[in-house]
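S.K.:
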Amino acid sequence: MQVPLEITFRGIPHSDAVEAKIREKAGKLEQFCDHIISCRVAVEADHHHQHQGNLYHVRIDLAVPNKHLVVSREHHDKQAHEDLYVALRDAFDALKRQLEEYVRIQRGEVKNHQAPQAI
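According to the working numbering, the stretch in the sequence shown is residues 235 to 353, in order.
1. Does DSSP put Q313 in a helix, a strand or coil?
2. Beta-carbon within less than 8 Å of F266's beta-carbon, same chain only, minus the 5 sequence neighbours each way: which residues are those?
3. Just the Cα atoms here: how many angstroms apart are Q340 and A297?
4. Checking contacts by CB at 8 Å: is S249 closer than that to chain B?
5. Per DSSP, A276 forms a beta bridge with which residues?
6. What is the DSSP secondary structure of V237, counted as helix, strand or coil?
7. Rounded to whole angstroms, how far is the Cβ of K262 from the Cβ of L322, which I believe are closer than 8 Å?
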């Protein structure tokens, strides 16, 4: 990564364990693409639910040459995202799929469907 990983916690105290997990998962992204320019991860807790525990939002912004990949994992599946580690796993898995698709396109492994030319 050309720019150091940025990790932001909103609404929850900083956790060394969570930061270590984010750094581990971000490091694994470099196995799929070694041209990552920057990566920003924001972890946010939503405290406004009386009947449930905290619901976590994870947003990852990843910059690669000619592309900006964004994953925002909110609490669509409320049970799964009451666990911060599950929310992180889901967000990084989604980003990994986007990054793999980006790499396939860069390598020319995916056909580009061009619009038909007017005659």
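All residues carry an ideal CB built from backbone N, CA and C; glycine is no exception. None of these values were measured; they are calculated from a predicted model.
M.R.: In short, the structure shows the following:
1. Locating residue 313 in the sequence shown gives position 79, counting from the first residue. Residue placement at Q313 is poorly supported in this model, since its pLDDT is 48, which falls under 50; the coordinates are not used for a value here.
2. Position 32 of the sequence shown, counted from the start, is the residue given in the question as residue 266. The residues are K330, L333, E334 and V337.
3. Reading the sequence shown from its first residue, position 106 is the one you call residue 340. Reading the sequence shown from its first residue, position 63 is the one you call residue 297. Computed Cα separation, rounded: 14 Å.
4. The question asks about chain B, but that chain is absent: this structure has only one protein chain.
5. Counting from one through the sequence shown, the residue named residue 276 turns up at place 42. A276 is bridged to T242 and R293.
6. Here residue 237 refers to the residue found at position 3 of the sequence shown. Reduced to three states, the DSSP call for V237 is coil.
7. As a first step, residue 262 must be located in the sequence shown, where it is residue number 28. As a first step, residue 322 must be located in the sequence shown, where it is residue number 88. Contact doesn't hold; Cβ gap of about 12 Å is too wide.
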